[in-house]
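Have a look at the structure below before the remarks.
Protein chains: 2
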Amino acid sequence: MEQRHAFFISDSTGLTSEALGNALLAQFDQVEFVKSYHPYIDSTEKALEVCREIDQVFRDTGLKPLIFDTILNRDLRLIVAQANGVLMDVIGTFLPKLESELGALSAMRVGKSHANPTEEKAQRRIDAVNYALDQDDGARTNRYDLADIILVGPSRSAKTPSCLYIAMQFGLFAANYPLTEEDLESGDLPRKLLPYKHKLFGLTIDPDRLAAIREERRAGSRYASIKQCRWELEEVRLIYQRHQIPVIDTTRLSVEEIATQIILRTGLKRRV
Amino acid sequence: MEQRHAFFISDSTGLTSEALGNALLAQFDQVEFVKSYHPYIDSTEKALEVCREIDQVFRDTGLKPLIFDTILNRDLRLIVAQANGVLMDVIGTFLPKLESELGALSAMRVGKSHANPTEEKAQRRIDAVNYALDQDDGARTNRYDLADIILVGPSRSAKTPSCLYIAMQFGLFAANYPLTEEDLESGDLPRKLLPYKHKLFGLTIDPDRLAAIREERRAGSRYASIKQCRWELEEVRLIYQRHQIPVIDTTRLSVEEIATQIILRTGLKRRV
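In the order they appear, the protein sequences are chains F and X. Following numbering that gives the first Met the number 0, the numbering of the first sequence begins with 0 at its first residue and continues without gaps. Following numbering that gives the first Met the number 0, the numbering of the second sequence begins with 0 at its first residue and continues without gaps.
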């Protein structure tokens with residue numbers, strides 16, 4: 000397979016260049032990308048050093064590396080533009096357009112997108128993460144009044160990472176409650192969830208996938224058997240149906256996708 | 000303050016358009032942005048509906064909304080391009096450049112950047128999150144052999160969200176251990192951390208900020224007093240110094256920034 004080097008360069012965390020670059024590169028199945036990440040390129044020396052690395056790759060491979068650059072500082076961006084690469088100049092492409100539209104020069108301050116978040120918003124996020132941790136796995140169920148959303152589903156259907164992602168990305172209070180075998184044998188929602196029925200969102204997953212995940216955790220157990228997984232998933236399906244709880248199938252979704260789709264479908268407003 | 004509407008549109012989660020758009024808009028202090036997010040615009044009907052919303056805002060305000068569009072499907076992107084907005088066509092700008100460079104038509108599959116991640120990588124991330132949860136707050140210290148990194152610091156210095164972010168974003172195993180009053184009175188690192196000294200990374204924070212955060216948690220307590228906070232921070236400083244543990248000041252950093260800077264400084268390689 001053809002190999003191609005890709006540089007992700009930023010004068011801040013680099014998460015934007017990373018997200019954008021990876022979205023674009025994912026379109027090219029037939030190329031194997033050798034990725035290197037260069038966050039915090041915030042001085043002439045560091046910019047020159049990255050240029051040297053790019054030039055070295057070009058000399059070694061004879062192919063210009065791809066460069067996804069979100070450096071805000073104009074001078075540093077111009078340095079990177081001199082390297083022997085194929086430049087995706089994200090800021091240089093869109094910022095002038097925005098400036099002419101908004102009729103003002105931008106602040107051009109490094110790291111403004113993440114740095115110095117208003118304290119209130121930063122705190123909100125940390126509160127949301129702490130809430131998700133406190134309320135994880137049905138550990139405590141006494142603060143469901145504070146929840147924006149409560150994820151329910153069988154063990155290992157991705158409730159916890161989804162809650163954490165919702166907390167981190169949207170600043171929302173997400174609790175989760177595992178529907179255990181005991182709950183399922185009763186054939187109905189646990190009583191403590193009933194007052195919060197309108198906050199529930201159900202997770203489901205393909206039985207084979209669930210069995211495989213559980214097998215990693217407890218190999219050879221009844222818990223991991225396909226029979227048990229099928230039974231649990233069928234029982235939760237009936238409960239979701241009876242109470243008209245919205246459902247998402249997490250089998251082929253990333254954590255980001257699960258979280259984003261849930262928020263979209265509930266219509267919840269993000270708080271950060 | 001001038002108001003301007005901004006639309007973030009995607010046929011997938013929209014996290015890329017969001018990251019990029021917000022990074023660019025953060026450059027314009029003097030404008031108040033009214034943001035609306037439109038993920039999963041994956042059909043003609045949905046694309047037309049967003050166009051109607053954009054046109055409505057234009058009619059109501061007389062100002063063209065800004066549009067950050069990362070729709071991969073060419074037909075849907077062309078629909079959005081017809082709306083009365085100022086379009087930042089992220090994919091349409093860079094994808095042709097990549098195609099001509101890489102000498103092949105892109106796959107143009109919706110959601111490829113997040114969807115269908117290789118199972119191995121998806122599982123690695125979930126494992127990393129579970130590890131961070133298991134090893135949170137010094138709860139268990141018996142799996143430090145598996146840790147890629149162990150964050151230490153006083154209570155409420157942002158260890159937990161930083162670990163979770165490291166797990167989620169980089170797929171690394173991040174544990175954390177709170178240096179408690181008891182630990183600090185002994186004047187040295189807890190013995191159980193000594194074998195893992197090379198994995199430690201120290202967190203610190205401004206004493207006033209720490210006191211404010213603790214005050215929210217336990218108002219009026221000794222724990223939240225500025226005197227106690229100053230003492231703990233001075234003690235951890237001495238410990239970090241004695242053992243040459245690298246330190247990061249989290250006071251003015253977002254969780255993303257803390258995580259990214261730590262990974263950069265340790266030189267750890269991401270696993271997803």
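Where is the CB? At the ideal position from N, CA and C, for every residue including glycine.
Exercise. Should H113 of chain X be labelled buried (16 or more other beta-carbon atoms within 10 Å of its own) or exposed?
Worked result: The residue you call residue 113 of chain X lines up with position 114 of the second sequence. Confidence at H113 of chain X is low in this model, with a pLDDT of 48, below 50, so its placement is unreliable and the value that follows should be read with caution. Buried, by the Cβ-count rule.
Problem set entry | Min CB distance I53 of chain F to chain X below 7 Å | Here residue 53 of chain F corresponds to residue number 54 of the first sequence, with the count starting at 1. No, no contact with chain X.
Problem set entry | Inter-stretch contact (C-beta, 8 Å, three-pair minimum) for the region 39-51 of chain F and the region 68-87 of chain X | No: the two stretches stay apart, fewer than three of their Cβ pairs being nearer than 8 Å.
For this session: Determine, using beta carbons only, whether A258 of chain X and Y164 of chain X come nearer to each other than 7 Å.
Result: Along the second sequence, read from residue 1 onward, the residue named residue 258 of chain X stands at position 259. Along the second sequence, read from residue 1 onward, the residue named residue 164 of chain X stands at position 165. It is a contact, given that the beta carbons lie within the stated cut-off.
Exercise. Is any beta-carbon of chain F found at less than 7 Å from that of M0 of chain X?
Worked result: Locating residue 0 of chain X in the second sequence gives position 1, counting from the first residue. Contact with chain F is absent for M0 of chain X, since none of that chain's Cβ atoms lies less than 7 Å from the residue's Cβ.
For this session: Let me know the secondary structure DSSP gives F67 of chain X once reduced to three states.
Result: Walking along the second sequence from the start, residue 67 of chain X turns up at place 68. Here F67 of chain X sits in strand by DSSP.
For this session: Please check if any C-beta of chain X sits within less than 7 Å of the C-beta of P95 of chain F.
Result: Numbered from its first residue, the first sequence carries residue 95 of chain F at position 96. Chain X contact via Cβ: absent.
Problem set entry | Under 7 Å from the C-beta of A121 of chain X: neighbouring residues of chain F | Numbered from its first residue, the second sequence carries residue 121 of chain X at position 122. Those within 7 Å of A121 of chain X in chain F are S253.
Exercise. According to a CB-to-CB cut-off of less than 7 Å, which residues of the region 18-42 of chain X neighbour chain F?
Worked result: Listed by position, the residues of the region 18-42 of chain X near chain F (Cβ gap below 7 Å) are A18, L19, N21, A22, L23, A25, Q26, F27, D28, Q29, V30, P38 and Y39.
Exercise. Do the CB positions of Y222 of chain F and R213 of chain F come within less than 7 Å of each other?
Worked result: Taking the first residue of the first sequence as position 1, residue 222 of chain F is located at position 223. Taking the first residue of the first sequence as position 1, residue 213 of chain F is located at position 214. Y222 of chain F places its beta carbon less than 7 Å from that of R213 of chain F.
Problem set entry | The beta strand (DSSP E) enclosing A173 of chain F, as first and last residue numbers | Residue 173 of chain F sits at position 174 when you count from the first residue of the first sequence. Note, A173 of chain F: beta strand (DSSP E), A173 to P177.
For this session: Kindly indicate which three-state DSSP category H113 of chain X falls into: helix, strand or coil?
Result: The count along the second sequence starts at 1 and reaches residue 113 of chain X at position 114. Residue confidence is low: H113 of chain X scores 48 on pLDDT, short of 50, so the model does not pin down where it sits. Its coordinate-derived value is still stated next. Correct three-state label for H113 of chain X: coil.
Exercise. From what residue to what residue does the beta strand (DSSP E) around M0 of chain F run?
Worked result: Taking the first sequence and counting its residues from 1, one reaches residue 0 of chain F at position 1. M0 of chain F -> no beta strand (DSSP E), and no H or E assigned at all.
Exercise. For K268 of chain X, which three-state DSSP category applies?
Worked result: Locating residue 268 of chain X in the second sequence gives position 269, counting from the first residue. Annotated three-state conformation of K268 of chain X is coil, per DSSP.
Exercise. What is the residue span of the beta strand (DSSP E) that I247 of chain F lies within?
Worked result: Indexing the first sequence from 1 puts residue 247 of chain F at position 248. For I247 of chain F, the enclosing beta strand (DSSP E) begins and ends at V246 to D248.
Exercise. Whose C-alpha, out of F:A80, F:L209 and F:P95, is nearest the C-alpha of A157 of chain F?
Worked result: Walking along the first sequence from the start, residue 157 of chain F turns up at place 158. Comparing Cα-Cα distances from A157 of chain F to each of F:A80, F:L209 and F:P95, the minimum goes to F:L209.
Exercise. Taking T92 of chain F as the reference, which of X:G170, X:F67, X:F172 and X:R216 has the closest Cα?
Worked result: Taking the first residue of the first sequence as 1, we reach residue 92 of chain F at position 93. Considering only alpha carbons, the answer is X:F67.
Exercise. With 7 Å set as the bound, which would you pick, yes or no: does the beta-carbon of E256 of chain X sit closer than that to a beta-carbon of chain F?
Worked result: Against the second sequence, residue 256 of chain X aligns to sequence position 257. For E256 of chain X, the nearest beta carbon of chain F is closer than 7 Å to its own beta carbon.
Exercise. In the structure shown, what three-state DSSP assignment does S16 of chain F receive?
Worked result: For the purposes of this step, residue 16 of chain F is taken as residue 17 along the first sequence, with counting starting at 1. Look at S16 of chain F here: in three-state DSSP terms it is helix.
For this session: Measure the beta-carbon distance from I262 of chain X to F169 of chain X and round it to whole angstroms, keeping in mind my assumption that it falls under 8 Å.
Result: By 1-based counting over the second sequence, the position of residue 262 of chain X is 263. By 1-based counting over the second sequence, the position of residue 169 of chain X is 170. The C-beta distance from I262 of chain X to F169 of chain X rounds to 6 Å, short enough to meet the 8 Å contact threshold.
For this session: Using a Cβ cut-off of 7 Å (strictly closer), state whether H4 of chain X contacts chain F.
Result: For the purposes of this step, residue 4 of chain X is taken as residue 5 along the second sequence, with counting starting at 1. False, the Cβ-Cβ gap to chain F never drops below 7 Å.
Exercise. Roughly how many angstroms separate the alpha carbons of L94 of chain X and I78 of chain X, rounded to a whole number?
Worked result: Locating residue 94 of chain X in the second sequence gives position 95, where the first residue counts as 1. Locating residue 78 of chain X in the second sequence gives position 79, where the first residue counts as 1. Approximately 18 Å, taken between the alpha carbons.
Exercise. Within this structure, are the beta carbons of L252 of chain F and T15 of chain X separated by less than 7 Å?
Worked result: Numbered from its first residue, the first sequence carries residue 252 of chain F at position 253. Numbered from its first residue, the second sequence carries residue 15 of chain X at position 16. Against a cut-off of 7 Å, the Cβ pair of T15 of chain X and L252 of chain F comes out as no contact.
For this session: Out of F:D10, F:R58 and F:P38, point me to the one whose CA is closest to H4 of chain F's CA.
Result: The residue given as residue 4 of chain F occupies position 5 in the first sequence. Per the Cα distances, F:R58.
Problem set entry | Residue-chain proximity (I125 of chain F, chain X), Cβ-Cβ < 7 Å | Residue mapping note: residue 125 of chain F aligns to position 126 of the first sequence, counting from 1. Judged by the 7 Å Cβ criterion, I125 of chain F is in contact with chain X.
Problem set entry | A22 of chain F versus P206 of chain F - alpha carbon distance | On the first sequence, position 23 is the one that residue 22 of chain F refers to. On the first sequence, position 207 is the one that residue 206 of chain F refers to. Rounded to the nearest angstrom, the two C-alpha atoms are 30 Å apart.
Exercise. Applying a beta-carbon distance threshold of less than 8 Å, which residues of chain X neighbour V56 of chain F?
Worked result: Sequence index remark: in the first sequence, residue 56 of chain F carries index 57 (1-based). Among the residues of chain X, none has a CB under 8 Å from the CB of V56 of chain F; the nearest is roughly 15 Å distant.
Problem set entry | Short Cβ contact (7 Å threshold) for K198 of chain X with H242 of chain X | In the second sequence, counting from the first residue as 1, residue 198 of chain X sits at position 199. In the second sequence, counting from the first residue as 1, residue 242 of chain X sits at position 243. Note that the C-beta distance between K198 of chain X and H242 of chain X is not below 7 Å.
For this session: Please work out which residues of its chain come closer than 6 Å, Cβ to Cβ, to E1 of chain X, disregarding the five sequence neighbours upstream and downstream, and give them in chain order.
Result: Taking the second sequence and counting its residues from 1, one reaches residue 1 of chain X at position 2. Within the same chain, Cβ atoms closer than 6 Å to the Cβ of E1 of chain X are found at V30, the five residues on either side in sequence being excluded.
Problem set entry | Inter-residue spacing [alpha-carbon to alpha-carbon] between I8 of chain X and E234 of chain X | Locating residue 8 of chain X in the second sequence gives position 9, where the first residue counts as 1. Locating residue 234 of chain X in the second sequence gives position 235, where the first residue counts as 1. Near 49 Å, if we compare the C-alpha coordinates of E234 of chain X and I8 of chain X.
Exercise. What does a CB cutoff of less than 6 Å around R124 of chain X pick up in its chain, not counting 5 residues either side in sequence?
Worked result: In the second sequence, residue 124 of chain X corresponds to position 125, counting from 1. Cβ within range, chain order: G170 and V271.
Problem set entry | Span separating the alpha-carbon of A146 of chain F from that of A121 of chain F | Numbered from 1 along the first sequence, position 147 holds the residue referred to as residue 146 of chain F. Numbered from 1 along the first sequence, position 122 holds the residue referred to as residue 121 of chain F. C-alpha separation (whole angstroms): 19 Å.
Exercise. Grouping DSSP H, G and I as helix and E and B as strand, with all else coil, what is A218 of chain F?
Worked result: Translated into positions along the first sequence, residue 218 of chain F becomes position 219. The answer is coil: DSSP assigns A218 of chain F none of H, G, I, E or B.
Exercise. Can the beta-carbon of T12 of chain F be found closer than 7 Å to that of E256 of chain X?
Worked result: Translated into positions along the first sequence, residue 12 of chain F becomes position 13. Translated into positions along the second sequence, residue 256 of chain X becomes position 257. Between T12 of chain F and E256 of chain X, the C-beta spacing is below 7 Å.
For this session: Compare the C-beta of L171 of chain X against all C-beta atoms of chain F and say whether one is closer than 7 Å.
Result: Start at 1 with the first residue of the second sequence, and residue 171 of chain X comes out as number 172. Not an interface residue.
Problem set entry | Rounded C-alpha distance that separates P264 of chain X from V128 of chain X | Within the second sequence, residue 264 of chain X is the residue found at index 265, counting from 1. Within the second sequence, residue 128 of chain X is the residue found at index 129, counting from 1. Just to set this straight, residue 264 of chain X is Arg in the shown sequence, not Pro. The straight-line gap from Cα to Cα measures roughly 21 Å.
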